[in-house]
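See structure below.
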Amino acid sequence: MPLTAQDLDKSTSHPHTEAGAETLHDTHHHQPPIQQHQIYQSTTQPFFPVYHGSKFANPSPLALFALASGLYITSQVALGTGGLANLSITVTIGLGYSAVALLIAGIWEFPSGNPFASALFVSLSGFFASLALVLSPWSDVSTSYTNAAEFPVAVSQFFFAWFITVFCFIVAAHRSSGGLLIALSLIDLTLLFFGLSYRYPSTTGPLTAGGSFGIIAAFVCWYAALASLLTEESSLFRLPVLGNFSKKQHSA
Numbered sequence: 001m002p003l004t005a006q007d008l009d010k011s012t013s014h015p016h017t018e019a020g021a022e023t024l025h026d027t028h029h030h031q032p033p034i035q036q037h038q039i040y041q042s043t044t045q046p047f048f049p050v051y052h053g054s055k056f057a058n059p060s061p062l063a064l065f066a067l068a069s070g071l072y073i074t075s076q077v078a079l080g081t082g083g084l085a086n087l088s089i090t091v092t093i094g095l096g097y098s099a100v101a102l103l104i105a106g107i108w109e110f111p112s113g114n115p116f117a118s119a120l121f122v123s124l125s126g127f128f129a130s131l132a133l134v135l136s137p138w139s140d141v142s143t144s145y146t147n148a149a150e151f152p153v154a155v156s157q158f159f160f161a162w163f164i165t166v167f168c169f170i171v172a173a174h175r176s177s178g179g180l181l182i183a184l185s186l187i188d189l190t191l192l193f194f195g196l197s198y199r200y201p202s203t204t205g206p207l208t209a210g211g212s213f214g215i216i217a218a219f220v221c222w223y224a225a226l227a228s229l230l231t232e233e234s235s236l237f238r239l240p241v242l243g244n245f246s247k248k249q250h251s252a
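Position 8, counted from 1, in the sequence shown is what full-length UniProt numbering calls 8; the numbers after and before it change by one each time, with no gaps.
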């Protein structure tokens, strides 16, 4: 008697081996979605706290690459490496890559149930976008100040505001990973010294310090991004990251 479509559906909905046991594919298929996600995430590096339950890929490497690139270029211009003085390249990478990629990663983190990373990435996206507006000649921000001495003070307060914002993230991250705390602390020092360089433009020390901390922060972010990509399935080796302090991560 030929098989009907209904019989075919029945035969494929409960596949078994000859011994009567389910296949490995079906064993994984019948697991609750949250358990399947935990199996996938067990091979990732815990630079950011892991919140189980998302079916999406981890967006933190994208955010870290964008953050590192923006910090690196901005800091190199601040240090005047190779005679760099024009801020246009900072505007280009800030708007074209860092702000856009961080915004995408931050929005991506919302359905993952990770409020810390989503708030951090979206906030840093806003930082690079607003910094590009401050520095770009076509925004007319600098020329809108009739008093020439007022603009550096305004920019210094801009950096101080972001210094306070990132400090709040440091406080919120005290139970996360050591690598994240180091990266945020370096970024915060970068913002602080950039603010001091505009507040006291007669001395070059704060600008040099800010650029130096920014370069170090960029390489820390690059390292963390690469470590997040080197999983057991995709790489022959892995990069170590500092320990994770989250009880939620340890109990998962």
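Every residue, glycine too, gets a C-beta built ideally from N, C-alpha and C.
Note that the coordinates shown come from a computational prediction; the quantities given were computed from them, not determined experimentally.
C-alpha gap between residue i and residue j, whole angstroms
| i | j | result |
| --- | --- | --- |
| F65 | W222 | 6 Å |
| T231 | R238 | 7 Å |
| G80 | T146 | 28 Å |
| S187 | L120 | The question names Ser, yet the displayed sequence has Ile at residue 187. If I take the Cα positions, the gap works out to 12 Å. |
| P137 | F151 | 14 Å |
| T204 | S197 | 7 Å |
| L181 | P206 | 22 Å |
| L189 | T208 | 12 Å |
| G126 | T92 | 15 Å |
| H109 | D140 | Per the sequence shown, residue 109 should be read as Glu rather than His. Near 34 Å, if we compare the C-alpha coordinates of D140 and E109. |
| A117 | A101 | 13 Å |
| S177 | A99 | 24 Å |
| S142 | I107 | 31 Å |
| G82 | L236 | 37 Å |
| F213 | S144 | 31 Å |
| A172 | A154 | 28 Å |
| L124 | P201 | 25 Å |
Beta carbon of residue i nearer than 8 Å to that of residue j
| i | j | result |
| --- | --- | --- |
| P59 | A105 | yes |
| V77 | L67 | no |
| L103 | V122 | yes |
| F169 | S112 | no |
| P61 | S228 | yes |
| S156 | R199 | yes |
| A183 | A148 | no |
| residue 289 | G195 | One cannot answer for residue 289 here, as it falls past the ends of the chain, which runs 1 to 252. |
Collapsed DSSP secondary structure at residue i in the structure displayed
| i | result |
| --- | --- |
| S176 | coil |
| L230 | coil |
| D188 | helix |
| R238 | coil |
| A201 | With the sequence shown as reference, residue 201 is identified as Pro, and Ala is not the correct amino acid for it. Coil, per DSSP. |
| A148 | coil |
| L212 | One detail in the question is off: residue 212 reads as Ser in this sequence, not Leu. Helix at S212. |
| S136 | coil |
| V171 | helix |
| V141 | coil |
Beta-carbon contacts of residue i that lie in its chain and below 6 Å, excluding the five residues immediately before and after
| i | result |
| --- | --- |
| S42 | Note that S42 has pLDDT 39, beneath the 50 cutoff, so the model's placement of it is unreliable and the number below is only indicative. None. |
| F219 | none |
| F193 | P206, A209, G210 |
Own chain partners of residue i with C-beta closer than 7 Å, once the 5 adjacent residues on each side are dropped
| i | result |
| --- | --- |
| I215 | Y72, S75 |
| L191 | F159, W162, F163, V166 |
| A225 | P61, L64, F65, A68 |
| H25 | Only weak support exists for where H25 lies, its pLDDT of 43 falling under 50; the value from the coordinates is given anyway. Nothing listed; no residue qualifies. |
| L131 | G94 |
| S185 | I170 |
| L87 | V77, L135 |
Same chain, Cβ closer than 8 Å to residue i, neighbours up to 5 away in sequence not counted
| i | result |
| --- | --- |
| Y97 | A66, S69, G70 |
| I89 | I73, V77 |
| S13 | Any answer about S13 is weak, because its pLDDT of 45 lies below 50 and its placement is not dependable; what the coordinates show is given next. Excluding positions up to five away in sequence, the list is empty. |
Any non-hydrogen atom of the ligand SAM within 7 Å of residue i CB
| i | result |
| --- | --- |
| F213 | What this structure holds is no ligand at all, so the ligand SAM is not there to describe. |
Could you name each continuous alpha helix (DSSP H) segment of 4 residues or more that falls completely within the stretch 51-129, going from the start of the chain to the end?
60-79, 88-93, 99-109
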